[in-house]
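See below for the structure under consideration.
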Amino acid sequence: MKRARKKQQMTVYLDPDLFKAVSDMATRRRQSGSHVVETALSVFFSPEEGNGQAALTRRLDRVDKRLSRLERDTGITVETLAQFIRFWMIMTPALPESSAAAARAQAAERYEGFIEALGRRLATGRRLHEDVLPSNVAGGEPDPS
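In terms of the numbering used here, the sequence shown opens at residue 1 and continues consecutively.
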């Protein structure tokens with residue numbers, strides 16, 4: 001005669017929303033909350049029996065692709081800024097002191113115009129680098145989400 005193994009007890013702290021979801025599922029299925037959690041963990045740790053691990057792997061792959069795209073975009077941004085600063089420093093001569101006050105006033109006005117144009121561009125949801133370098137050139141397919 002085979003003896004049944006005694007289950008081990010574990011105390012787990014759950015987020016209130018997750019606890020409510022477990023309780024609701026247990027009520028709907030007329031099972032204990034412990035049984036619902038045990039079944040969910042069995043599916044999660046046994047990919048042959050369910051899609052828990054496969055779903056997690058797919059989600060991590062999507063996150064990895066997004067992170068790679070973000071890394072690429074950040075690299076483009078940093079390089080663009082560095083090139084612009086270098087070009088500006090080479091091409092713009094230092095101003096004489098007599099013209100500095102007028103130049104500062106004009107710079108403040110131009111900067112305000114730049115900020116307004118930037119705000120309009122950001123409000124459209126389109127990014128300049130998307131127009132210049134599409135996502136699928138260096139980072140795989142465009143993100144469907």
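Positions of the beta carbon are idealized from the N, C-alpha and C atoms, including for glycine.
Just so it is clear, the structure is predicted and the values come from calculations on it, not from any experiment.
Alpha-carbon to alpha-carbon, threonine 74 and alanine 82:
Here the alpha carbon of alanine 82 sits roughly 12 Å from the alpha carbon of threonine 74.
Determine, using beta carbons only, whether valine 36 and valine 12 come nearer to each other than 9 Å.
No, Cβ-Cβ distance for valine 36 and valine 12 is not below 9 Å.
I need the boundaries of the alpha helix (DSSP H) containing aspartate 15, first residue and last residue.
Neither: aspartate 15 is in no alpha helix (DSSP H) and is coded neither H nor E.
For the alpha helix (DSSP H) holding serine 152, just list the boundary residues, first then last.
Residue 152 lies beyond the stretch modelled for the chain, which goes from 1 to 145, so this question has no answer here.
Check alanine 196 in the structure and name its three-state DSSP category.
Past the boundaries of the shown model lies residue 196; the chain is included only from 1 to 145, so the question cannot be answered.
My assumption, with CB atoms under 8 Å, is that alanine 26 sits in contact with serine 32. Please give the rounded CB distance.
Contact between alanine 26 and serine 32 holds, with the beta-carbon distance rounding to 6 Å and staying under 8 Å.
Rounded separation between arginine 72 and glycine 119 - CA only
Arginine 72 and glycine 119 have their C-alpha atoms roughly 23 Å apart.
Leaving out five residues on either side along the sequence, give the residues of the same chain with a beta carbon under 8 Å from the beta carbon of leucine 95.
Excluding positions up to five away in sequence, the list reads Ala103.
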